[in-house]
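Enquirer: Structure incoming, see below.
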Amino acid sequence: MGRYLLRRLASAVVTLWLLATIVFLIVNVIPGDVGRRVLGPFALKEDVALFNHRIGTDRPLINQYFSSIRRVFTLDFGNSYVSGDLVRKIVYPALFRSGKLALLAFVITIPVAIAAGIFAARRQDKVSDRVVVNTGLATSSIPEFVTAAVLMSIFCVHWKLGKVFADPPSGTSVIGQLRYLLLPALAMVIAYFGYIARMSRAGVIHGLQSDYARTATMKGLSKGQVMRRHILRNALAPTITVISVQIGYLFGGIIGVEKVFNYHGLGSTMLSAVISKDVPVLQGAVLLVGIIYMISTLLADVLIAFLNPRVRLETAR
Amino acid sequence: MTTISAPSTTTALAVEDLEVVYTVRGVDRAVLRGVSFSIAPGEAYGLVGESGCGKSTTAYAALRYLPRNGKIVGGRVLVGGDDVTNMTTSQLQSFRATEASMVYQDPAQAMNPSVKIGRQLIESFVLLGQSKADAAKSALESLDRVRIADPARVMDRYPFQLSGGMQQRVVIAMALACDPKLLVLDEPTTGLDATVEAEVLDLVRVLRKESNAAVLLIAHNLGIIRSLCDRVGVMYAGRIVEEGPSHQVFDDPQHPYTVGLLRSLPRHGVRKTERALATIPGMLPLIGSNLPTCVFLDRCPLADETCRTVVPPVAPVGADGLRFTRCHHPDRIPEMIEALPDAPIGILAPSDANPEVLELTNLSKTFKQRGSEVPALVDVDLQLAEGETLGIVGESGSGKSTLAKTILGIESADSGGEVALDGNTVAPNTSSRSTADKRAMQMVFQNPDSALNRSWSVRRILTRSVEKLTGIKGDAANKRVEALAAHLRLTPRHLDLKPRQLSGGLKQRVAIARAFAGDPRIVVCDEPTSALDVSVQAAILNLLADLQAEEKVSYVFITHDMGVVRYLADRIAVMYLGRIQEVGPTDDVFNGPNHPYTEALLSAIPSVDGEPTSRIRLEGEIPSPANPPTGCVFHPRCPRVIPGVCEVTEPLLLEVGPGHAMRCHIPIDELRRLQSSP
Amino acid sequence: MSDSNEFHPRPEEIISTPGADVFVPHTSLTSTATPPTTPAEIELSGVVQVSERQLARRENWRLIRRRPAFIIGVFIVLVWTACAVLGDRITPHSPLDYRAGTHLSPRAKFPFGTDEQGRDVLSRVMAGARDVLKVAPLAALLGVLFGVIVGMIMGYFGGWLDNVLSRIVEAFLALPVILLALLAVTTLGASPAVVIGVVAALFTPVVARTVRSAVLAERDLDYVTSAKLRGESSAFVMFREILPNVSGPIIVELTVRIGYAVFTVATLAFVSAGPQPPSPDWGAQVSDAFRVISAGIWWTTFFPAAAIASLVIAVNLIADSVQSVLEAS
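Residue numbers (the working numbering), protein chains in the order written: chain R, 1 to 317; chain Z, 1001 to 1678; chain D, 2001 to 2329.
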């Protein structure tokens, strides 16, 4: 187990390095003058040069690359072009706020989706199964911002439920904050419910068809016992992987949701960085999302290794 | 062995006129067309037949475990007097827990991969109402009962940590937990190595005596049925066509299908030089076919007008009422038996005068796995003469497939080894061999589904090989393809089909045609018939023998089936853990004296003829090639090991007779003495 | 290890093992063969009639067509394609005509109402199909094309090349496509060509991973070995032998990717919205309009949003139908 973890961790570090490289390359495709881009066409030449020197974009590209990589592993993303503040100080609070929203969304999604998946699997090809599968397919294919906008049109305007602005006034209690966050979280629940439900359905169906489920049935266990004692444990491994991946991907969809609900999280931070061409902030936020993905998939693999002795024992040798 | 229990008044299992259909695309297709048989307590009953005949379906229907689209549409299944087809869910559940058990084909899949053996076993006992502590004790005892040496340790393992043989023992222990009235064994040893299979079969034999369960054994291997079962039912197209005590049915078959089945097996040490194998013309009717009268009608040489119009009744055979056949003409069976096919023309035992075409010198192959070296092939020296067939036999990890790949250059041999064709060394891997060398050596694979590109037509498959290997293009290539196809008895109609439109036997014919596209000198056949039914196997073996007689081609024939290799091979090499343990003319290898491993392999085969086999059994498992034993690699399992010698030095492959060599420390005369005394 | 094929699961009982969930007869067993007549045919009658096989293929197509999900999907896609092709020839008003009143609620003359500049929302939604249908399928097609090439190379050659490429693919997969796209569009600008290029590039690793695993399953089949034994080049084996056999997953991947491309393009238009051109892109329309929802003006947001939803759902319904039928056969 220890060696498995170590190997998995090492590969995560390599992936993170590649990720940072990809981000660096994208940002530096156009060699252009960063100072000019940020300060605009009317800025004085001297100011532009000074700006470039201050942020280090006048250094050779290779040096910039190394400092960019160093920043990923020290979690220090430099300073914002625009405000000059530490990127850390901008992105961490934003991440915390997005995290609250994401957490709420997942706390709702995971149990509902897994239960729906098991429900559908046990009624394979019946009407209720088709309903779950097709609903899941439809909702997960709609972009999050569309769901958010439609939800807002319906709940906030027609029914006067929920809040148009998701940002609670400071000092709102946890329960009070829920009222603000529920609707945007719901938009994400709708988007992520489908994948997880379909994956857990597929896993359970695979388990139901397995030889070991046949053995368990022939032993004289009831359907419920076969499901609980034998199938679920094996069937949920792929679902765990999907959930971990979705946790990382959630930070893509959250941009649209935050924009619609005017919520100041990581997504909004990235958007304003896009508009002001504040590359360090954008880069920092993007890499942070990558790190979250790494951590969540790593945890998922550990969990799977815990559930599946084969992974745990064979790779340990 | 085959003590016939007289039909007792109490039957453990009675299947009465069972009919099962599978619904495929909204159409009900008949799989079982009225199956009836019964098994007495303590009796073993075998069901045999080729693929798709419905024997597994019968077994599963008896425990009412059918696929979602399968349903019982007629008949009853009585176990201890209770009708299984009428049980409620909870009755069925307790029936399965206490009355009936099953052992499956693939033990690795049959156990939950993520739950320890102990817990899975204990669960069975808890279901019987035992307390956790008692169940744990019972579980240990049950492992002891299936002769597992260290039960406590095995309890603490996961299924994948056990070998196939051990896994099947655990599954058997689980099945016996409730002391069932009915034990169903579905191909319990298929997929296991011969020496391991022999051990599992021995165990089943012993356990049968200990318990009073009625045993229903499903197997395609007639030898297994004969060695284990009191009575046998021969199934064809969803019906039992013949039934009776197994030795009587196998020695004196009374249904044309049983006759065909038995005659297509290479038996009684028959060789290709003596006669061709009999085949059953045609193919199994498709599932759900309309078969209003006799199910075997289309393939039966005895069929006449009566057969086409009247359903054959269950006709008793003999006066004791133990046998029946569903045939109108059991009296004409002797006609069939007398009509034995002739030997293929031109097959002659190769003489020393034949030139050598292939010589392997010092051939080794070492794989690198996670930094460690795995020797899969060690110092192999072999020669092959023109027109000769060299059989290669061995179990998992013996290196026989690696040998094939190394000869063909699919894997490059380690440096120092040499493959020489007509005396000239060829490059170690295919891509650097000349077209002439590639053309000279071709291969026939085990599984034609994998070997033929499923999106290509037969014509394209053959044309491409002809063009690539012979350089002939265009019209000339077309002509050659058509000639080739005709030679392999494929009709022009077959050429425009895709592989999936062909039956298994026809697919294998196409694969053989491809191998012969460039008039090869050597064809390496890797288990070419092990995926086929016996009647199809016979046709393919005949074809290979014919082609050899006509083309003077040499075969390297890899197989695990001793009957097949005896029929086809002129010489045999026995491999174990990458080394040749014995090589010699077929008769010498079969008649002995043998290397102890060969001896064990030969005695592991359950014979359909009921010939007594010696009882050499091997201890333990085949070691991993990654970590071979010291000295003679066979010594940990060898029943004739000489302590102090065998584990220290590896014996050399030394000649013990003309063309007969062996890798053993025991002198040949000593082996002869040991093996002739019972 | 190398001796893996010494394990002999016989296909025999597998097809009829009732442990399997649904019994599906082997393809060559699906027909009701007519009894062979001539002796030669008796010997060789392993053949399923050609017409039967064609029937089976037609059956596939028939199965797809019979799925309501497929019909609905195709219908919706056709409607939007018609809108995209015919454009302002069929819109009730010009999508750029701002002479109507601003923010008129839906009514007979303007069924979807008008926007903040007094343009007809229905006409803009209809015309907006053009932007997305121009960009998304092309991006998906290019992504699949590159993905097939990269995935084929990874799966076929394996070894260190596969290791390195797998790492890079994994790194790409660590980020949501929309984030990388946003980053790229920020530096490169948001012209349609850039969007197509960026989305295609970001889809490449995803497609490559799918194709790689399909190719891995094929690579070890014996027909590939047989091709090597007769001296075929790697390119021939990859694109002539293996490619036709992995076309199923590739077709599925293409349909799925078109859905995602619509998704991504729309989201990108929504989030990267700076000053907007007057072109009636759906995502941009939502971006322009959603802030006035709180004032009760919902139609300017709702209809373009619903248009996006209908198109992605339609494409995914088609993809799902194709996938289920291809996987079942």
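C-beta: ideal position from N, C-alpha, C; glycine also.
Going by DSSP in three states, Met1441 (chain Z) sits in which element: helix, strand or coil?
Expert: As a first step, residue 1441 (chain Z) must be located in the second sequence, where it is residue number 441. Correct three-state label for Met1441 (chain Z): strand.
Enquirer: Sort Z:Lys1116, Z:Met1336, Z:Arg1579, Z:Asn1424 by Cα distance to Tyr212 (chain R) and report the nearest one.
Expert: Your numbering for residue 212 (chain R) matches position 212 in the first sequence. Residue Z:Lys1116 is the option with its Cα nearest to Tyr212 (chain R).
Enquirer: Would Arg2119 (chain D) pass as an interface residue toward chain Z - the criterion being a Cβ-Cβ separation below 7 Å?
Expert: As a first step, residue 2119 (chain D) must be located in the third sequence, where it is residue number 119. So, not an interface residue.
Enquirer: For chain D, check one thing: does any of its Cβ atoms lie closer than 7 Å to the Cβ of Ser153 (chain R)?
Expert: Looking up residue 153 (chain R) in the first sequence gives position 153. So yes, Ser153 (chain R) belongs to the interface.
Enquirer: Helix, strand or coil, according to DSSP, for Lys1071 (chain Z) in the structure here?
Expert: Within the second sequence, residue 1071 (chain Z) is the residue found at index 71, counting from 1. Strand.
Enquirer: According to DSSP, simplified to helix, strand and coil, what is Gln1383 (chain Z)?
Expert: Position 383 of the second sequence holds residue 1383 (chain Z). Gln1383 (chain Z) falls in the strand class under three-state DSSP.
Enquirer: If contacts are defined as beta-carbon pairs under 8 Å, then Leu221 (chain R) and Leu104 (chain R) qualify, I think. What distance do you get, rounded to the angstrom?
Expert: In the first sequence, residue 221 (chain R) corresponds to position 221, counting from 1. In the first sequence, residue 104 (chain R) corresponds to position 104, counting from 1. In fact, because the Cβ distance is near 38 Å, the residues do not count as touching under 8 Å.
Enquirer: Thinking C-beta only, is Ala1440 (chain Z) closer than 7 Å to Pro1520 (chain Z)?
Expert: As a position in the second sequence, residue 1520 (chain Z) is number 520, starting the count at 1. As a position in the second sequence, residue 1440 (chain Z) is number 440, starting the count at 1. Yes; because the gap between Cβ atoms is below 7 Å, this pair is in contact.
Enquirer: In chain order, what residues of the same chain have a beta carbon less than 6 Å from the beta carbon of Ser200 (chain R), not counting five sequence neighbours either side?
Expert: Against the first sequence, residue 200 (chain R) aligns to sequence position 200. Within the same chain, Ser200 (chain R) has close Cβ partners Ile114, Gly117, Thr239.
Enquirer: With respect to the beta strand (DSSP E) encompassing His974 (chain Z), which residues constitute its N-terminal and C-terminal limits?
Expert: Here chain Z comprises residues numbered 1001 to 1678, so residue 974 (chain Z) is not present and cannot be evaluated.
Enquirer: Taking the beta strand (DSSP E) that Val1419 (chain Z) falls in, what are its first and last residues?
Expert: Taking the second sequence and counting its residues from 1, one reaches residue 1419 (chain Z) at position 419. That run of the beta strand (DSSP E) goes 1418-1421.
Enquirer: Taking a Cβ distance cut-off of 7 Å, strictly less, list which residues of the segment 1460-1479 of chain Z are near chain D, in chain order.
Expert: Answer in chain order: Ser1465, Lys1468, Leu1469.
Enquirer: Determine the closest residue to Val1393 (chain Z) out of Z:Thr1309, Z:Phe1590, Z:Val1206, with distance taken between C-alpha atoms.
Expert: What you label residue 1393 (chain Z) is simply residue 393 of the second sequence in a count that begins at 1. It is Z:Phe1590.
Enquirer: Let's see if you can read the secondary structure: which residues bound the beta strand (DSSP E) around Gln177 (chain R)?
Expert: Residue 177 (chain R) sits at position 177 when you count from the first residue of the first sequence. That residue, Gln177 (chain R), is in no beta strand (DSSP E); its alpha helix (DSSP H) goes 174-208.
Enquirer: Going by DSSP, what residue range makes up the alpha helix (DSSP H) through Val1206 (chain Z)?
Expert: Taking the second sequence and counting its residues from 1, the one referred to as residue 1206 (chain Z) is at position 206. Per DSSP, Val1206 (chain Z) belongs to the alpha helix (DSSP H) from 1194-1210.
Enquirer: Looking at the strands, I want to know which residues DSSP matches up with Leu1183 (chain Z).
Expert: Taking the second sequence and counting its residues from 1, one reaches residue 1183 (chain Z) at position 183. Note: Leu1183 (chain Z) sits in a beta bridge opposite Z:Ser1101, Z:Val1215.
Enquirer: Count the other CB atoms, across all protein chains shown, that sit within 10 Å of the CB of Gln1548 (chain Z); report buried if there are 16 or more and exposed otherwise.
Expert: Within the second sequence, residue 1548 (chain Z) is the residue found at index 548, counting from 1. Looking at its Cβ environment, which holds 16 or more other Cβ atoms inside 10 Å, Gln1548 (chain Z) is buried.
Enquirer: Ile1240 (chain Z) and Ser1264 (chain Z) look like a contact to me (Cβ under 8 Å); what is the Cβ gap, rounded to whole Å?
Expert: For the purposes of this step, residue 1240 (chain Z) is identified with residue 240 of the second sequence, where counting begins at 1. For the purposes of this step, residue 1264 (chain Z) is identified with residue 264 of the second sequence, where counting begins at 1. Not confirmed; about 20 Å, so no contact.
Enquirer: What separation, rounded to the nearest whole angstrom, lies between the Cα atoms of Leu303 (chain R) and Arg59 (chain R)?
Expert: Numbered from its first residue, the first sequence carries residue 303 (chain R) at position 303. Numbered from its first residue, the first sequence carries residue 59 (chain R) at position 59. Cα to Cα, Leu303 (chain R) sits roughly 44 Å from Arg59 (chain R).
Enquirer: Short of 8 Å in beta carbon distance, which residues of its chain neighbour Pro1292 (chain Z), apart from the five on each side in sequence? Order them along the chain.
Expert: In the second sequence, residue 1292 (chain Z) corresponds to position 292, counting from 1. Once the five neighbours on either side are set aside, the close Cβ partners of Pro1292 (chain Z) are Val1311.
Enquirer: With a 10 Å radius around its C-beta and 16 neighbouring C-beta atoms as the bar for buried, classify Arg1571 (chain Z) as buried or exposed.
Expert: In the second sequence, counting from the first residue as 1, residue 1571 (chain Z) sits at position 571. With 16 or more Cβ atoms within 10 Å of its Cβ, Arg1571 (chain Z) is classed as buried.
Enquirer: What did DSSP end up calling Arg1672 (chain Z) once you bin it into helix, strand or coil?
Expert: Here the question's residue 1672 (chain Z) lines up with position 672 in the second sequence. In the structure shown, Arg1672 (chain Z) sits in a helix (DSSP, three-state: H, G or I).
Enquirer: Compare the Cα-Cα distances from Val1481 (chain Z) to each of Z:Gly1505, Z:Pro1448, Z:Ser1503, Z:Ala1515 and report the closest residue.
Expert: Counting from one through the second sequence, the residue named residue 1481 (chain Z) turns up at place 481. The shortest C-alpha separation from Val1481 (chain Z) is found at Z:Ala1515.
Enquirer: Any idea which residues DSSP pairs Lys1365 (chain Z) with across the strands?
Expert: Here residue 1365 (chain Z) refers to the residue found at position 365 of the second sequence. Answer is Z:Leu1377, bridged to Lys1365 (chain Z).
Enquirer: Answer yes if the segment 2281-2300 of chain D comes into contact with the segment 2251-2261 of chain D, meaning at least three C-beta pairs across the two stretches below 8 Å, and no otherwise.
Expert: With a cut-off of 8 Å, the segment 2281-2300 of chain D and the segment 2251-2261 of chain D do not count as touching, because too few Cβ pairs lie within range.
Enquirer: Helix, strand or coil for Thr2034 (chain D)? Go by DSSP, reduced to three states.
Expert: Mapped onto the third sequence, residue 2034 (chain D) falls at position 34. A caution first: Thr2034 (chain D) carries a pLDDT of 34, below 50, which makes its placement in the model unreliable, though a value can still be read off. Of the three classes helix, strand and coil, the one that applies to Thr2034 (chain D) here is coil, per DSSP.
Enquirer: Does the beta-carbon of Ser1676 (chain Z) have 16 or more other beta-carbons within 10 angstroms, so that it is buried, or is it exposed?
Expert: Residue mapping note: residue 1676 (chain Z) aligns to position 676 of the second sequence, counting from 1. Counting Cβ neighbours within 10 Å, Ser1676 (chain Z) comes out exposed, since fewer than 16 surround it.
Enquirer: By DSSP's criteria, Phe1324 (chain Z) is part of a beta bridge. Which residues make up the other side?
Expert: For the purposes of this step, residue 1324 (chain Z) is taken as residue 324 along the second sequence, with counting starting at 1. DSSP output for Phe1324 (chain Z) lists Z:Glu1243, Z:Pro1316 as bridge partner(s).
Enquirer: Could you tell me which chain R residues have their CB closer than 7 Å to the CB of Arg2167 (chain D), listed as they occur along the chain?
Expert: For the purposes of this step, residue 2167 (chain D) is identified with residue 167 of the third sequence, where counting begins at 1. Per Cβ cutoff of 7 Å: Val14, Thr15, Leu18.
Enquirer: Leaving out five residues on either side along the sequence, give the residues of the same chain with a beta carbon under 6 Å from the beta carbon of Thr297 (chain R).
Expert: Mapped onto the first sequence, residue 297 (chain R) falls at position 297. Only Ser244 meet the Cβ criterion.
Enquirer: Pick helix, strand or coil for Glu1691 (chain Z), following the three-state DSSP scheme.
Expert: Because chain Z spans 1001 through 1678 in this model, residue 1691 (chain Z) falls outside it and cannot be assessed.
Enquirer: So, with DSSP's three-state summary, where would you put Ile142 (chain R)?
Expert: One-based indexing of the first sequence puts residue 142 (chain R) at position 142. It is coil, neither helix nor strand.
Enquirer: Put Ser1655 (chain Z) into one of helix, strand or coil per three-state DSSP.
Expert: Here residue 1655 (chain Z) is taken as the residue at index 655 of the second sequence, counted from 1. Note that residue 1655 (chain Z) is Glu in the sequence shown here, rather than Ser. Note: Glu1655 (chain Z) maps to strand in three-state DSSP.
Enquirer: Identify, in the order they occur along the chain, each residue of the same chain with its Cβ nearer than 8 Å to the Cβ of Val1259 (chain Z), setting aside the five sequence neighbours on each side.
Expert: Reading the second sequence from its first residue, position 259 is the one you call residue 1259 (chain Z). Same-chain partners within the cutoff: Pro1253, Ile1333, Met1336, Ile1337.
Enquirer: Given that Arg2230 (chain D) touches chain Z, what residues does it touch there, using C-beta distances under 7 Å?
Expert: The sequence position of residue 2230 (chain D) within the third sequence is 230, counting from 1. Near Arg2230 (chain D) (Cβ distances below 7 Å), the residues of chain Z are Lys1438, Ser1465, Lys1468, Leu1469.
Enquirer: Starting from the beta carbon of Asp211 (chain R), find every residue of chain Z whose beta carbon is closer than 8 Å, and list them in chain order.
Expert: Locating residue 211 (chain R) in the first sequence gives position 211, counting from the first residue. The contacting residues are Tyr1104, Asp1106, Gln1109, Ala1110.
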